[in-house]
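The structure appears below as structure tokens.
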Amino acid sequence: MKSVRLLVALTALACSASALADINVGVTLSTTGPAASLGIPEKNTFELLPTTIAGQKVNWIILDDASDTTRAVTNTRKLIAENKVDVILGSTITPNSLAMVDVAAEAETPMISMAASARIIDPANPKTKWIFKTPQNDSLMADAIVGHMKAHGVKTLGYVGFNDAYGEGWLGEMKRATAAAGITIAAEEKYNRSDASVTGQVLKLIAANADAVLIAASGTPAATPHKELKARGYKGKIYQTHGVANADFIRVVGADGNGSFLPSGPMLVYEQLPDSNPIKKVAADYVGKYEAKFGQRSTFGGHAWDAAMLLQRAVPEALKKGQPGTREFRAALRDGLEGVKEAVGTHGVYTMTATDHLGFDSRARVMLQIVDGKWVLEK
Amino acid sequence: MNLQIAALLAQDGLTNGAIYALLALALVLVFAVTRVVFVPQGEFVAFGALSLAALQNGAVPKTIWLLLAMAVIATILELVALARRRAAARAYMLAVAGWLVAPALVAALLWFAAPLKLALGWQVCLAILSVTAIGPLLYRIAIQPVAQGSVLVLLIVAVAVHFVLGGMGLLFFGAEGSRTPAFTDAMYQLGGINVSGQSLYVYGVSALAIGGLYWAFSQTLYGKALMATAFNRVGARLVGISPNFAGALTLTVAAALGAFSGVLIGPITTVYYDSGFLVGLKGFVGAIIGGLVSYPLAAAGALLIGLIESYASFWASQYKEVIVFTLIIPVLLWRSLKTRHHEEDQ
Chain C
1 MKSVRLLVAL TALACSASAL ADINVGVTLS TTGPAASLGI PEKNTFELLP
51 TTIAGQKVNW IILDDASDTT RAVTNTRKLI AENKVDVILG STITPNSLAM
101 VDVAAEAETP MISMAASARI IDPANPKTKW IFKTPQNDSL MADAIVGHMK
151 AHGVKTLGYV GFNDAYGEGW LGEMKRATAA AGITIAAEEK YNRSDASVTG
201 QVLKLIAANA DAVLIAASGT PAATPHKELK ARGYKGKIYQ THGVANADFI
251 RVVGADGNGS FLPSGPMLVY EQLPDSNPIK KVAADYVGKY EAKFGQRSTF
301 GGHAWDAAML LQRAVPEALK KGQPGTREFR AALRDGLEGV KEAVGTHGVY
351 TMTATDHLGF DSRARVMLQI VDGKWVLEK
Chain Z
1001 MNLQIAALLA QDGLTNGAIY ALLALALVLV FAVTRVVFVP QGEFVAFGAL
1051 SLAALQNGAV PKTIWLLLAM AVIATILELV ALARRRAAAR AYMLAVAGWL
1101 VAPALVAALL WFAAPLKLAL GWQVCLAILS VTAIGPLLYR IAIQPVAQGS
1151 VLVLLIVAVA VHFVLGGMGL LFFGAEGSRT PAFTDAMYQL GGINVSGQSL
1201 YVYGVSALAI GGLYWAFSQT LYGKALMATA FNRVGARLVG ISPNFAGALT
1251 LTVAAALGAF SGVLIGPITT VYYDSGFLVG LKGFVGAIIG GLVSYPLAAA
1301 GALLIGLIES YASFWASQYK EVIVFTLIIP VLLWRSLKTR HHEEDQ
């Protein structure tokens, strides 16, 4: 009895001692709500991550923000104030991440977002000094789409996208990219993630008679206009964004998805990459681990893996400059993240600079076609 | 916009409007009989569609566990109430048969029928049955204990039920949406525009349901009992209509209408565990146009909402929801000017 008590006391002591120096990583993900199909694989990925970095114990504190902007901000404040985290990872989607920027910057805590929009790390905003992200910028993907359109003789484009920051971001990027490529945007339509019907928007797109339609949406809600376009007999090319690169989209869109194009990170089709590509090995490692435990891969999980990879790169240096839990450590971590060079992730190769807190080049994207419910690399 | 597009939009608007109309009727009915603004109506829609999707995959809809749990709770509540009243032995047996055995039978039926992958029609019946069975249990557990409370208390309970059922939906069906197969893939040419067989189904079945309700309320004893309760609760009680029975029956009808709408909307759009709320809300706006009392006005209001939504999505897609929900302001203004204000009679 006495020995048990001693053991309990010792364990408690050991825990409290190590807790002082633990690295606390606050994570907020959209594991429920409309973006759940993105958030769940990210959450799964955190279960695959090591519990130590450079010999330090890491606590991954994962909260759900229900795809809701307010909840994401509340989570961020909670993680900073109560859990005293050294770095914030998240959120899954753009509106949430944009709202979190202010909170993270105010608390001088580095943040790595897993959302797409380039506005999250806009270098013109001084607050983004503290913000990094892992998914490809919309602009990189927009260039890939427009390049593909140009090569396939598309002259006019119909646009339908989410009526939120994701859609707005894409519309801006597409306007820029299409203007440079001489493609005119014939129709601009908006819809909501939760809309039951998009007939009105789709009829307008069909009436515009464009060569191709881009659906700027993410997750399964992107299937709504896609299926409606097919049901109304649209014959042109349909482009999706990389926001749909997951198995649930394929399940919901069904046979209507056949023949449509989308840009994606190389992870999704890493088997089809040439062996010379350095991403192939990293992606194979991650996808192997993920699929062994959770089944089908998801590119969104890859963003989480990459965020943790960047952290693993930056932490050892930062540890030399300060103790986890201190302001010095957070600042050193931020500097470390900004100094990352040629870090190979599952989605591309990261080389950060003061003005580019993503650091991708064209190695971070490929064009895919959906063929019989499979992703096929466009050569 | 040419005539063809206008016709297509009208068709789309009427299809959604017909579904909103079913929900608006259910809301008016529940409010009239129980004074509950039935916020969780939309959950029945999602449950109906997602149960059907589960049955399509040969899986047992996990709502049967909810059904069984609710049956046990309702039975306990009922037995305790009977014990307090020192009721006769027969009453206990009836309570167990009604509150425990009947829902258990429904659950068992689903358990055994689900892996058989029956024809679509049977699956639709099973999905509706499984959701309908939740209705009276919900009344017994959540509403009956506070049935004498003010409208505000009842509304708060309804909101709580909405959140509980929404959470359950996430647990049972997962965060991802599903689509169910259409009842028919047929397309008809009607004056130069394509009309899908599915939308004809929606019109026909909605009209049948509304007609059936009208018939039931005017011709059957139970329907008349509900109407009597809605008209005057105390008076109905005096002539021997149990308000609790009326409430349970109302929620059964509401759950059936909700599940029915879910089955109808499933092939038209991707249904998520939380999709029902917005659909229900639009039904509610329709019901508000009818002042939460008039059935024909509520149905007409719901159709109007469907049409406005459809045309708004064509002209100003980014403001669609704003337009639909802003509509409630002039309606409320008009109603408040038109009707004399009177204190709640309790």
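Top line first, the protein sequences correspond to chains C and Z.
Residue numbers are given in this note's numbering: position 293 of the first sequence equals residue 293, and the series is strictly consecutive.
Residue numbers are given in this note's numbering: position 61 of the second sequence equals residue 1061, and the series is strictly consecutive.
Don't be surprised by glycine CBs; every beta carbon is placed ideally from N, CA and C.
Coil, strand or helix - residue i by DSSP
i       : result
Z/L1109 : helix
C/K320  : helix
C/G26   : strand
Z/T1180 : coil
Z/M1187 : strand
C/Y191  : strand
C/N44   : helix
C/A183  : Reading off the sequence, residue 183 of chain C comes out as Ile, not Ala. Looking at C/I183 - three-state DSSP - the assignment turns out to be coil, as it is neither helix nor strand.
C/A223  : helix
C/S91   : coil
C/D64   : strand
C/K155  : coil
C/L13   : Confidence at C/L13 is low in this model, with a pLDDT of 48, below 50, so the placement of that residue should be treated as unreliable; the coordinate-derived value is given next. Here C/L13 sits in helix by DSSP.
C/N59   : strand
C/M367  : strand
Z/K1320 : helix
Expected contact under 8 angstroms - CB spacing of residue i and residue j to nearest Å
i       : j       : result
Z/A1298 : Z/G1306 : Z/A1298 to Z/G1306, Cβ: 13 angstroms. No contact.
C/D306  : C/T134  : 4 angstroms
Z/T1015 : Z/V1202 : 5 angstroms
C/G167  : C/G161  : 3 angstroms
C/L337  : C/P110  : 6 angstroms
Z/T1180 : Z/A1049 : 6 angstroms
Z/P1115 : Z/G1058 : 5 angstroms
Z/L1109 : Z/A1254 : Contact doesn't hold; Cβ gap of about 22 angstroms is too wide.
C/S97   : C/L29   : The pair is not a contact, with the Cβ atoms about 11 angstroms apart (cut-off 8 angstroms).
Z/S1317 : C/K230  : With 8 angstroms as the limit, Z/S1317 and C/K230 do not qualify as a contact, their Cβ atoms being about 19 angstroms apart.
Residue from the options whose Cα sits closest to the Cα of residue i
i       : options                            : result
C/F261  : C/E189, C/F300, C/A216             : C/A216
Z/T1252 : Z/A1102, Z/T1132, Z/S1199          : Z/T1132
C/I88   : C/A116, C/P316, C/D68, C/I23       : C/I23
Z/R1035 : Z/I1328, Z/L1129, Z/A1158, Z/A1186 : Z/A1158
C/T31   : C/T52, C/A66, C/P263               : C/A66
Z/Q1144 : Z/Y1092, Z/A1300, Z/S1242          : Z/S1242
C/D211  : C/A54, C/V253, C/A187, C/L377      : C/A187
C/K320  : C/A207, C/G259, C/W60, C/L333      : C/L333
C/G257  : C/V376, C/A364, C/G153             : C/V376
Z/F1284 : Z/N1002, Z/I1019, Z/Q1011          : Z/I1019
Z/D1274 : Z/F1163, Z/V1195, Z/I1308, Z/T1250 : Z/F1163
Z/G1301 : Z/I1005, Z/Q1004, Z/L1022, Z/L1009 : Z/L1022
C/A179  : C/V85, C/T156, C/D195, C/A115      : C/T156
Span separating the alpha-carbon of residue i from that of residue j
i       : j       : result
C/T346  : C/P278  : 9 angstroms
Z/L1082 : Z/I1073 : 14 angstroms
Z/W1099 : Z/L1067 : 11 angstroms
Z/S1051 : Z/G1167 : 15 angstroms
C/P126  : C/M267  : 32 angstroms
Z/A1007 : C/M367  : 38 angstroms
C/N44   : C/G301  : 7 angstroms
Z/F1314 : Z/L1264 : 23 angstroms
C/A292  : C/A181  : 43 angstroms
Z/Y1092 : Z/R1084 : 12 angstroms
Z/K1403 : Z/K1282 : Here chain Z has residues from 1001 to 1346 only, and residue 1403 of chain Z is not among them.
C/K341  : C/Y286  : 20 angstroms
Z/R1237 : Z/A1225 : 10 angstroms
Z/C1351 : Z/I1210 : There is simply no residue 1351 of chain Z to check, as chain Z begins at 1001 and stops at 1346 in what is shown.
Z/R1335 : Z/E1043 : 28 angstroms
C/V282  : C/Y270  : 9 angstroms
C/Y234  : C/K204  : 11 angstroms
C/I238  : C/A354  : 37 angstroms
Z/T1269 : Z/S1130 : 22 angstroms
C/G339  : C/A177  : 29 angstroms
C/M149  : C/L310  : 33 angstroms
Z/V1331 : Z/I1289 : 6 angstroms
Z/Q1148 : Z/A1032 : 14 angstroms
query = For the stretch 1213 to 1233 of chain Z against the stretch 1241 to 1255 of chain Z, are there 3 or more C-beta pairs whose distance is under 8 angstroms?
reply = yes
Evaluate contact between the stretch 1097 to 1111 of chain Z and the stretch 1121 to 1135 of chain Z, counting only Cβ atoms and requiring at least three cross-stretch pairs below 8 angstroms.
yes
#### Entry: the stretch 48 to 57 of chain C in contact with the stretch 70 to 81 of chain C per 3-pair CB rule at 8 angstroms
no
Exercise for review: Evaluate contact between the stretch 1146 to 1160 of chain Z and the stretch 1028 to 1043 of chain Z, counting only Cβ atoms and requiring at least three cross-stretch pairs below 8 angstroms.
Suggested key: yes
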